[in-house]
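S.K.: Have a look at the structure that comes next, please.
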Amino acid sequence: MSMSMKQDRSYSHPIIDVGYVGPRSYQPNPAPSKNELLTSQVTPIRVPSMLVLSNLTNLLSQIISLPALHTAVLFTPAGQLVTFVSEPIRPKDEVRIIVGLSGEVWQETREQGYGMVDSELGRIVVVPVEDVERKPGSTAEDPLPLMLIALNSDESMEWTELQAKGKLVATHLARSLSKYREFLVVRKPSTPPTTSAIASPAPVRS
Numbered sequence: 026m027s028m029s030m031k032q033d034r035s036y037s038h039p040i041i042d043v044g045y046v047g048p049r050s051y052q053p054n055p056a057p058s059k060n061e062l063l064t065s066q067v068t069p070i071r072v073p074s075m076l077v078l079s080n081l082t083n084l085l086s087q088i089i090s091l092p093a094l095h096t097a098v099l100f101t102p103a104g105q106l107v108t109f110v111s112e113p114i115r116p117k118d119e120v121r122i123i124v125g126l127s128g129e130v131w132q133e134t135r136e137q138g139y140g141m142v143d144s145e146l147g148r149i150v151v152v153p154v155e156d157v158e159r160k161p162g163s164t165a166e167d168p169l170p171l172m173l174i175a176l177n178s179d180e181s182m183e184w185t186e187l188q189a190k191g192k193l194v195a196t197h198l199a200r201s202l203s204k205y206r207e208f209l210v211v212r213k214p215s216t217p218p219t220t221s222a223i224a225s226p227a228p229v230r231s
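At position 180 of the sequence shown (counting the first as 1) the number is 205 in this note's numbering, and the numbers step up by one without a gap.
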């Protein structure tokens, strides 16, 4: 499966080579515009000294498929926003709703290895970025994923395609981030994030 390439959004010198899908090389730009990378401060993850967020954002941008698949979000299992890509750009508060909702869906469906939900924001699929093989029937005692990826689309995109795109970029990220597991993985706080989007579980796919 191939990824469609998006416009170059990289603007900082790479510290970690997260790699790219496809032959195109990315050249750094002097500074981000208002439609570039929007991030929250993530702790205890060392950002950006450890991770180059522009590289992660460039990778996410490659799976955006307008007009159907318009938002891709990378966040930690603890519910902390790392980075996201959205076209058109959307408020960070709205992205945080996606993070909170996706985290809750993941906790409820992690045994099957992915989560799907229909919400007021559209279809959302959440997949783990994992460096260890997840066996069927995984429990909360199993290793947490390195990160989680949430993809948000409208109803015109099939669930299977949305899930496949998420797994593709998750696999690509896992190869580069696995060496930083001790810094990336933290337990979710006891108080879950509050979400305002009304959601209904998506049908389970075999």
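Where a beta carbon is used, it is the ideal one built from N, C-alpha and C, also for glycine.
Exposed or buried, what is Arg135 when buried is set at 16 or more other beta-carbons lying within 10 Å of its beta-carbon?
M.R.: Per the 10 Å Cβ criterion, buried.
S.K.: Identify which residue in Lys192, Asn80, Val194, Leu169 has its Cα closest to the Cα of Gln132.
M.R.: The option with the nearest alpha carbon to Gln132 is Leu169.
S.K.: According to DSSP, simplified to helix, strand and coil, what is Leu176?
M.R.: Three-state result, Leu176: strand.
S.K.: Would you kindly report the start and end of the unbroken beta strand (DSSP E) that includes Ser111?
M.R.: From DSSP, the beta strand (DSSP E) with Ser111 extends over 106-111.
S.K.: How big is the Cα-Cα spacing for Ile89 and Arg206?
M.R.: Those two C-alpha atoms are separated by around 27 Å.
S.K.: Can you tell which of Pro113, Pro92, Ala97, Gly125 has its C-alpha closest to the C-alpha of Ala103?
M.R.: When each option's Cα is compared against that of Ala103, the closest is Gly125.
S.K.: Measuring straight from C-alpha to C-alpha, what distance separates Ser181 and Ile114?
M.R.: Whole-angstrom Cα-Cα distance: 20 Å.
S.K.: What is the DSSP secondary structure of Arg234, reduced to helix, strand or coil?
M.R.: As shown, the chain starts at 26 and ends at 231. That puts residue 234 outside it, with no answer to give.
S.K.: Rounded to whole angstroms, what's the CA-CA distance from Phe100 to Ser111? Just pull it up for me.
M.R.: For Phe100 and Ser111, the distance between alpha carbons rounds to 14 Å.
S.K.: Along the alpha helix (DSSP H) that carries Leu99, what are the first and last residues, could you check?
M.R.: Note, Leu99: premise wrong, no alpha helix (DSSP H); beta strand (DSSP E) at 94-100.
S.K.: Along the chain, where does the alpha helix (DSSP H) containing Leu126 start, and where does it finish?
M.R.: Start and end: 117-134.
S.K.: According to DSSP, is Val77 helix, strand or coil?
M.R.: Of the three classes helix, strand and coil, the one that applies to Val77 here is coil, per DSSP.
S.K.: For the alpha helix (DSSP H) containing Gln188, name the first residue and the last one.
M.R.: Here the alpha helix (DSSP H) through Gln188 covers 184-202.
S.K.: Since I believe Val154 is in contact with Leu171 (beta carbons under 8 Å), could you give me their beta-carbon distance rounded to a whole number of angstroms?
M.R.: Yes, they are in contact, since the Cβ atoms of Leu171 and Val154 sit about 5 Å apart, within 8 Å.
S.K.: Taking the alpha-carbon positions, what's the Glu145 to Pro116 distance?
M.R.: Their Cα atoms are separated by approximately 15 Å.
S.K.: Any idea what DSSP makes of Ser181, helix, strand or coil?
M.R.: Of the three classes helix, strand and coil, the one that applies to Ser181 here is coil, per DSSP.
S.K.: Which one or two residues does DSSP pair with Pro153 in a beta bridge?
M.R.: Pro153 pairs with Leu173.
S.K.: Quick check on the burial criterion: 16 or more other C-beta atoms within 10 angstroms. Buried or exposed for Ala97?
M.R.: By the 10 Å Cβ count, Ala97 comes out buried.
S.K.: Rounding to the nearest angstrom, what Cα-Cα distance links Arg148 and Lys204 in this structure?
M.R.: Arg148 and Lys204: Cα-Cα distance of roughly 32 Å.
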